[in-house]
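One structure below.
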């Protein structure tokens, strides 16, 4: 993996699932971490969000503040995403 040269140029993302629902019905946390500075966004989401809803949240919470990164990595494989967010990928992740 290349070492980032600028903040929010290369990020890591992952989901924390299986947490109690909030009053707003959020039951998961989507975390985005800048690989250079280690600054982090914790974004409340719902397990039933589809890909379009997750994309809107991503633009609103990450891209709006930092621009589009050059790369995104995750330690979560496609199968884990399918199991936890089946409506997010619609079979597109393998």
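Residue numbers (this note's numbering): 24 to 117.
Every residue gets a Cβ at the ideal spot worked out from N, C-alpha and C, and that includes glycine.
What is the DSSP secondary structure of residue i, counted as helix, strand or coil?
{"i": "residue 28", "result": "coil"}
{"i": "residue 56", "result": "strand"}
{"i": "residue 87", "result": "helix"}
Should residue i be labelled buried (16 or more other beta-carbon atoms within 10 Å of its own) or exposed?
{"i": "residue 85", "result": "buried"}
{"i": "residue 43", "result": "exposed"}
{"i": "residue 7", "result": "Because the chain is modelled from 24 through 117, residue 7 falls outside the range shown and cannot be assessed."}
{"i": "residue 77", "result": "buried"}
If you drop the 5 nearest sequence neighbours on each side, which residues of the same chain put their C-beta closer than 7 Å to that of residue i?
{"i": "residue 98", "result": "37"}
{"i": "residue 30", "result": "57, 59 and 60"}
For residue i, collect the residues of the same chain with a Cβ closer than 8 Å to its Cβ; drop the 5 residues on either side in sequence, then sort them by chain order.
{"i": "residue 113", "result": "Summary for residue 113: the model assigns pLDDT 48, below 50, so the residue's position carries little reliability; its value from the coordinates is reported in the next sentence. Contacts found: 73 and 74."}
Which residues in the same chain as residue i place their Cβ atom closer than 6 Å to its Cβ, once the five residues preceding and following it in sequence are excluded?
{"i": "residue 39", "result": "52"}
Check your understanding: Are at least three pairs of beta-carbons, each pair with one atom in the region 47-58 and one in the region 25-35, less than 8 Å apart?
Key -> yes
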